[in-house]
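Student: Dropping the structure in here first, questions after.
Numbering (full-length UniProt numbering), first residue to last: 1 to 138.
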């Protein structure tokens, strides 16, 4: 069973959304990969909140005031042990300092939220169950 971390990531105040996305994609992900090596998640998927012309979140349920983040990241691990190895590497002294310093460059760290997910189910458009399959190199 895969084990996932879902992060609700707010942009650092004063930073444009384009700069937020650019930093996450071109600086933070390569840094994270270099810090944890083979223990990088099976996938690290980033979703960016769609905004209307006036900057509000394009919300389909609830209101824009309910969306206090600019990106959602889903980090999928092979199992809890894989997640724990990843976390241990991120929390090593030098790695933790580099990771924290980089987060401060583009994330409102005080407003960052996350939740762990165990059991995951998906249904395909034909109604059948869809299992999680890793696409990429392991």
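By construction, the Cβ of each residue, glycine as well, lies at the ideal position given by its N, Cα and C atoms.
To the nearest angstrom, how far is the alpha carbon of residue 97 from that of residue 8?
Tutor: 21 Å
Student: Who are the Cβ neighbours of residue 74 in its own chain at under 7 Å, not counting the five residues just before and after it?
Tutor: 4, 6, 45
Student: Considering residue 21, what are the terminal residues of the beta strand (DSSP E) in which it resides?
Tutor: No beta strand (DSSP E) holds residue 21; the alpha helix (DSSP H) holding it covers 17–23.
Student: Which full runs of the alpha helix (DSSP H) of 4+ residues lie inside the UniProt domain "EthD" (12–108), going along the chain?
Tutor: Those alpha helix (DSSP H) runs which fall completely within the UniProt domain "EthD" (12–108) and span 4+ residues are 17–23, 29–36, 80–90, 93–106.
Student: For residue 138, which residues from the same chain have a beta carbon less than 6 Å from its beta carbon, with the 5 sequence-adjacent residues on both sides left out?
Tutor: Note that residue 138 scores 47 on pLDDT, short of 50, meaning its location in the model is unreliable and no value can be drawn from it.
Student: Going by alpha carbons, who is nearest to residue 40 out of 77, 65, 108?
Tutor: 77
Student: Relative to the C-alpha of residue 38, which residue among 51, 87, 47, 93 is closest?
Tutor: 87
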